[in-house]
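> Quick one: this structure, given as structure tokens, is what I'll be asking you about.
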Amino acid sequence: MGILQKLVLASGSPRRIELLQQAGIEPDRVLPADVDETPLRAEHPRSLAKRLATQKAEKALASLKTETDYVPTFVLAADTVVAVGRRILPKAETFDDAANCLGLLSGRSHRVYSGICLITPGGKQRLRLVETRVRFKRLPREEIEAYIASGEWRGKAGGYGVQGLAGAFVIKLVGSYTNVVGLPLYETVALLSGEGFKVHANWLSGARI
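Here is the structure:
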């Protein structure tokens, strides 16, 4: 009996859905897992990203198992953390959040960490961490105010989305660009493929999502 070709994405992030679709992968179901994202005392950004990704995957799986028609499937979760040194930046929800984040990132380098957790139909758990270094130009007050007015920062770690207007802030990026967007594609596809998920199924059928 082959491995079941079904995938549940434990995230409601439009960016993560779009990135999977970019790789030709369409989740069979999107099941956001609501977890407390508050960092633990003295928790390193790397540890936070891995812990939250794992908790999201486990919570989504637990929710699936309560359903009467539950069938074992692949469950994929991710969490992205932006940090300056060990200082973890919030997911900006207010104007002040965004202004504080952008002021801190202006003219400096920061790191973006993504934890990826995959639980297979057989219950095996795989975890990866991806790190990208990003350097911003110096941001004049007027540019920060204009970006805040755009609203693109809402709900984004570090108060910016590199795939939008903030892409013009980036002087240098070392590592995975898709990691900064929200889901490192190379590592995600490698995890799925390594556990038997047929990531190229839609490619071979000529189906373009």
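Numbered according to our numbering, the sequence shown spans residues 14 to 222. Ideal Cβ positions, reconstructed from N, Cα and C, are used throughout, including at glycine.
#1: Within the same chain, show all residues whose beta-carbon is closer than 7 Å to that of Leu-152, passing over the 5 residues directly before and after it, in chain order.
#2: Given that a residue counts as buried once 16 or more other Cβ atoms are within 10 Å of its Cβ, and exposed if not, what is Arg-64?
#3: Specify the secondary structure class of Ile-129 as computed by DSSP and reduced to three states.
#4: Is the number of C-beta pairs between the segment 44-60 and the segment 93-110 that are closer than 8 Å three or more?
#5: Beta-carbon separation of Phe-108 and Ile-30 under 8 Å?
#6: Hey, could you find the ends of the beta strand (DSSP E) Arg-139 is sitting in?
#7: Could you tell me whether the Cβ atoms of Leu-20 and Thr-86 are closer together than 8 Å?
#8: Just verifying my parser: in three-state terms, what is the DSSP assignment at Thr-44?
#9: Does the segment 168-184 come within contact of the segment 127-145, defined as at least 3 CB pairs closer than 8 Å?
#10: Let me check understanding here. Comparing Cα to Cα, which of Asp-92, Asp-82, Leu-196 lies closest to Lys-69?
#11: Could you tell me whether the Cβ atoms of Ala-243 and Val-84 are closer together than 8 Å?
#12: For Pro-45, which of Gly-136, Ala-75, Arg-124 has the nearest alpha-carbon?
#13: Can you tell me where the beta strand (DSSP E) with Thr-93 in it begins and where it stops?
Reading it off the structure:
#1: Indexing the sequence shown from 1 puts residue 152 at position 139. Result list for Leu-152: Leu-115, Ser-119, Phe-182, in chain order.
#2: For this step, residue 64 is matched to residue 51 along the sequence shown. Label assigned to Arg-64: buried.
#3: Sequence index remark: in the sequence shown, residue 129 carries index 116 (1-based). Strand, per DSSP.
#4: Because the criterion of three Cβ pairs below 8 Å is met, the segment 44-60 and the segment 93-110 touch.
#5: Here residue 108 refers to the residue found at position 95 when the sequence shown is read from its first residue. Here residue 30 refers to the residue found at position 17 when the sequence shown is read from its first residue. No, they are not a contact pair.
#6: Taking the first residue of the sequence shown as 1, we reach residue 139 at position 126. Looking at the DSSP string, the run of the beta strand (DSSP E) that includes Arg-139 is 138-149.
#7: Your numbering for residue 20 matches position 7 in the sequence shown. Your numbering for residue 86 matches position 73 in the sequence shown. The beta carbons of Leu-20 and Thr-86 sit closer together than 8 Å.
#8: The count along the sequence shown starts at 1 and reaches residue 44 at position 31. Inspection of the sequence shows that residue 44 is occupied by Leu rather than by Thr. Reduced to three states, the DSSP call for Leu-44 is coil.
#9: Contact fails: fewer than three Cβ-Cβ distances are below 8 Å.
#10: Mapped onto the sequence shown, residue 69 falls at position 56. It is Asp-92.
#11: Outside the displayed range of the chain (14 to 222) lies residue 243, so it cannot be described from this structure.
#12: Here residue 45 is taken as the residue at index 32 of the sequence shown, counted from 1. Restricting attention to Gly-136, Ala-75, Arg-124, the CA atom closest to the CA of Pro-45 is found in Ala-75.
#13: Looking up residue 93 in the sequence shown gives position 80. 87-97 is the span of the beta strand (DSSP E), which, as asked, contains Thr-93.
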